[in-house]
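To start, the structure under review is shown below, and the notes come after it.
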Amino acid sequence: DPIRFAIVGRPNVGKSSLMNMLAGRRVSIVDPTAGVTRDRLSTGAQIPLEDGSGGMLSLEIVDTGGYGIVDRDDLAGEVERQIAEGLGECDAVLFVIDAVDGVTPLDERAAKVLRESGAGSGGGKPGQPNRSAKPVVVVANKMDAPTQATEGWEAMKLGFGEPVFVSATTRHNRHELEARLREAA
Ligand code: GDP
Ligand code: MG
4 DPIRFAIVGR PNVGKSSLMN MLAGRRVSIV DPTAGVTRDR LSTGAQIPLE
54 DGSGGMLSLE IVDTGGYGIV DRDDLAGEVE RQIAEGLGEC DAVLFVIDAV
104 DGVTPLDERA AKVLRESGAG SGGGKPGQPN RSAKPVVVVA NKMDAPTQAT
154 EGWEAMKLGF GEPVFVSATT RHNRHELEAR LREAA
């Protein structure tokens, strides 16, 4: 069975674009207008195994926030609903932020909801890893080039470890993203 990753994050950080990159084709609508997209909910993605076998790891990426019209007056509520829906059915979480914007209050709120849901290392006792926690990979997207100015390190304060800096547009660092997906799977 494919490993299911829920892709979560506030509107416009590039969730649909990342889905397309991982799928290797256009499965989601990318919209410059935040929150006005009607996307496919999930897609398969294959990433190469690193054991030299030439085999592939099968993933399913689920974009629970990617459909319908977002209630712009209650973005925090939207993101929370997205996480609640996504977390139940997934094995791991891709939490996307914008590498240029850094961490916004809405990102912090989403991170808090994730931690309280027991994702990542949260939910365990201090000093003890929570083995039931679903892994969270923080993706700082829109890192279009290595020289791109970034506030992405602010992601460290979200409590899910180091972000992986990628660009869905230029595909910069996609192999690093794949490596982090393999670790989390
Ligand atoms: P979503 O709302 O999180 O699904 O975000 P979308 O994938 O629809 O992207 C929102 C906007 O950000 C669109 O205008 C995209 O073209 C743009 N975008 C997405 N990924 C990148 C990226 O890696 N670099 C840049 N520069 N823009 C991006
Ligand atoms: Mg989208």
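Position in the sequence shown (first residue = 1) + 3 = full-length UniProt numbering. Cβ atoms here follow ideal geometry from the backbone N, Cα and C, with glycine treated the same way.
Excluding five sequence positions before and after GLU157, the CB atoms of its chain that fall closer than 7 Å to its own CB belong to GLY105 and VAL106, given in chain order. Distance from the C-beta of LYS145 to the nearest heavy atom of the ligand GDP is below 7 Å. Excluding the 5 residues flanking it on each side, GLY155 has same chain C-beta neighbours closer than 6 Å at ALA102, ALA143, PRO166 and PHE168, in chain order. In this structure, LYS18 has its CB closer than 7 Å to one or more heavy atoms of the ligand GDP. For the 8 Å CB-CB criterion, VAL99 and VAL33 do not form a contact. Counted as a single uninterrupted DSSP element, the alpha helix (DSSP H) harbouring ARG112 occupies residues 108-119. Not one heavy atom of the ligand MG sits closer than 7 Å to the Cβ of SER45. In the displayed model, ARG183 falls within a helix according to three-state DSSP. The three-state secondary structure of SER45, taken from DSSP, is strand.
The beta carbon of SER61 sits no closer than 7 Å to any heavy atom of the ligand MG. For LEU62, the secondary structure class from DSSP, reduced to helix, strand or coil, is strand.
Judged by their CB atoms, MET24 and ARG177 are nearer to each other than the 8 Å cut-off. Beyond the five residues adjoining it in sequence on each side, THR153 comes within less than 8 Å, by CB distance, of ALA102, VAL103, GLY105, ALA143, MET146 and PHE168 in the same chain, given in chain order. Ranked by Cα distance from GLU92, the first of ARG7, ARG185 and ALA182 is ARG7. Taking a contact as a CB-CB distance under 8 Å, the pair GLU63 and PRO5 counts as one, their CB atoms being some 4 Å apart. Residue pairing by DSSP places PRO51 opposite MET59 in a beta bridge.
ARG183 and GLY123 have their C-alpha atoms roughly 14 Å apart.
DSSP places VAL142 within a strand segment (E or B) once states are collapsed to three.
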